[in-house]
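Residue -5 is where the sequence shown starts when you use our numbering, and the numbers rise one by one after that.
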Amino acid sequence: MLELLLLLLPVAAASGWFAARRSEAGRDKTSSQEVFPAYFKGLNFLLNEQPDKAIDVFVKLLEVDSDTVETHLALGNLFRRRGEVERAIRIHQNLIARPTLSREQRAQALLELGQDYMRAGLFDRAENLFVELTEIKLHSEQALSNLLVIYQQEKEWDRCLEVAQQLQASDGHSLQPIIAHFYCEQAQLLIKKGNTVSAIAILKKAQSVDSGCIRSTILLGEIEKSKDDCRSALKIYKMVEVQDSAYLTEIVPSLIECYGKIGDRAALKDYLKQLYSRHRDTSVMLALTDIITAEEDVSSAVDFVLQHLKALPDLKGLDRLVTLNLQNSGSNPRESMETLNKAVALMLARQPSYQCEQCGFSAKTLHWQCPSCNNWSSMKPIRGLGCGPREK
Ligand SMILES: [Zn+2]
């Protein structure tokens, strides 16, 4: 309650000052005489931890004097921040019902009430208020930002696109990478329905608004792969390295599958070697290890993994080394190796595979939108232990 008191004490003092000034001016005597003591009555309720009674007093006060609108806005805002959304709603609804509010004051109250509704999870009601604000062109940017949050929550991607474009036009801040994700969301729905032609058209839109949109690249590759056009798919997948090599791990299985279908293992090995020399990526290293094991022998694979581990110690590499050694060794060190293998596998199973660069949230699956901070494209695959060097 201390925060409330700090807010209201100067207001009470100010309203007393206003009241005194008005009395001196000799106008509106009744209202000024009522305002000052009523505030202290309200403060007293707050002091005694009776916020509902305090609200009653402040709401009544508003009927007497509309100079206190700012205080009511601040009070409602404070209740919302404290998580007391119902009280915030009561104050802001009461404000809006006042016929004496100026156009700007009413708009401010609408914005606050909309935020209360959002906090309470009443998205339909919040949406109506924010739409009204954009129509009357007051607090439009804040209203559009809130609408964008609501439409993302409700996965209404068409509306997300509309609002993001309006917002971008009004405040000049680029939302292109987010807009690209909205196109990808639409494309994924179309792919699910089997409408790949429209999906491809939309994914190309995503790439035209954001040339770095990896997600659209991967989706376009998947579409070609599902049509068994592996050569086209490979051409697309190869863009991932240029866009952001941190996501190579997402395409390695598809590279193996596509080159396998074409029947060109030599080209696969060649491309993986190029990727590995440029990025030292663990998933690429593991794929190369499989090829070396199949083409040469286990000890060559062990040598290769050892070389990798010396330059870039990581858990996945270590796990592979132990597995290879188990295949290779006789019965002597076997037991200890098996124990180590189990331990490492257990550690790996517990490790998250993706982490948000913005808020640190980690997960086992890739979320294009971080579930914690709601940023788009902020979750990236963790390399090895997550502490190795990262390109770009
Ligand atoms: Zn995050």
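Where a beta carbon is used, it is the ideal one built from N, C-alpha and C, also for glycine.
Per DSSP, the continuous alpha helix (DSSP H) segment holding Gln146 begins and ends at 134 to 147.
In this structure, the alpha-carbon of Leu67 lies about 11 Å from that of Phe52. Boundaries of the alpha helix (DSSP H) around Cys178: 170 to 186. Asp238 has its alpha-carbon roughly 35 Å from the corresponding atom of Gln321.
Contact annotation: the segment 104 to 119 touches the segment 74 to 88, with at least three C-beta pairs closer than 8 Å. Apart from sequence neighbours up to five positions away, the residues of its chain that approach Val278 with a beta-carbon distance below 7 Å are Leu242, Val246, Leu266, Leu269, Tyr270, ordered along the chain. When rounded, the separation of the alpha-carbon atoms in Asp264 and Cys207 is 26 Å. The beta-carbon distance between Val316 and Val296, rounded to whole angstroms, is 10 Å. This is too long to meet the 8 Å contact definition. Judged by the Cβ position, Gln147 fails to qualify as a neighbour of ligand 1 at the 7 Å threshold, every heavy atom of the ligand being at least this far. Scanning the segment 196 to 220 from its first residue to its last, the whole alpha helix (DSSP H) runs of 4-plus residues come out as 208 to 220.
Unbroken alpha helix (DSSP H) stretches of 4 residues or longer found wholly inside the segment 40 to 109: 45 to 58, 63 to 75, 79 to 90, given in chain order. At a Cβ-Cβ threshold of 8 Å, Met373 and Leu360 count as neighbours. Trp151 is not bridged by DSSP to any residue. At least 8 Å separates the beta-carbon of Gln146 from that of Leu105.
In this structure, Leu169 is the residue among Arg274, Leu169, Glu251, Ser202 with its C-alpha nearest to the C-alpha of Asn369. If the five residues before and after Leu138 are omitted, its C-beta is found closer than 8 Å to the C-beta atoms of Phe124, Thr128, Val157, Gln160, Leu161, Ser164, all from its own chain and listed in chain order. In this structure, the beta-carbon distance from His133 to Trp362 does not fall below 8 Å. Ranking Gly77, Lys336, Gln102 by CA distance to the CA of Arg344 puts Lys336 first. No residue range can be given for Pro307, since it is assigned to no alpha helix (DSSP H) and is classified by DSSP as neither H nor E. The beta carbon of Ala305 is closer than 7 Å to those of Arg274 in its chain, skipping five residues each way along the sequence.
Straight-line spacing of the CA atoms in Ile194 and Ala181 works out to 7 Å. A distance below 7 Å between beta-carbons, with the five flanking residues on each side excluded, links His302 to the following residues of its chain, in chain order: Met279, Gly311. By the criterion of a C-beta distance shorter than 6 Å, Met112 is surrounded in its chain by Ala120, once the five residues flanking it on both sides are discounted.
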